[in-house]
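Here the structure comes first, spelled out in structure tokens, and everything after it is commentary.
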């Protein structure tokens with residue numbers, strides 16, 4: 007492949023989305039709003055209960071597209087991710103944070 011083709015392939019590996027403040031986030035292509043939330047902070051991911059994309063409510067499993075403006079909806083008292091999220095989260099960081107939170111909760115329950 008020539009250099010131009012390699013550059014295009016590299017861009018196909020990622021999706022570029024916007025935060026509510028207009029900052030750009032680069033995520034793996036196929037990433038979901040849950041991946042987006044965990045890319046910002048683990049607490050945002052764990053407290054996530056919904057999302058708007060370009061002002062419209064979407065499922066947490068929605069596949070983000072270039073240029074989407076993503077706003078995560080949270081609840082203060084929600085501290086645990088759903089185990090079901092592991093079925094659709096695409097990024098390693100997202101999967102690791104979900105597993106870590108679920109493992110900590112399981113260990114906490116065993117001790118009490």
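Numbering (this note's numbering), first residue to last: 7 to 118. Note that CB positions come from ideal geometry on N, CA and C, so glycine has one too.
request  = Would you be able to state if there are at least three C-beta pairs under 8 Å between the segment 62-71 and the segment 105-114?
outcome  = no
query = Does the pairing of the segment 80-97 with the segment 23-32 give three or more beta-carbon distances under 8 Å?
reply = no
key: Helix, strand or coil at residue 99 [DSSP, three-state]   = Secondary structure at residue 99: helix, using DSSP grouped into helix, strand and coil.
ask   = Ordered along the chain, which non-local residues of its own chain (more than five positions away) have a Cβ less than 6 Å from that of residue 77?
value = Excluding positions up to five away in sequence, the list reads 26, 58.
query = Quick one: what's got a C-beta closer than 6 Å to residue 111's C-beta in the same chain, skipping five residues either side?
reply = 86
task = Have a look at residue 79 and residue 54 and give me their C-alpha separation to the nearest angstrom.
result = 6 Å
request  = Sort out for me which residues DSSP pairs residue 79 with in a bridge.
outcome  = 56
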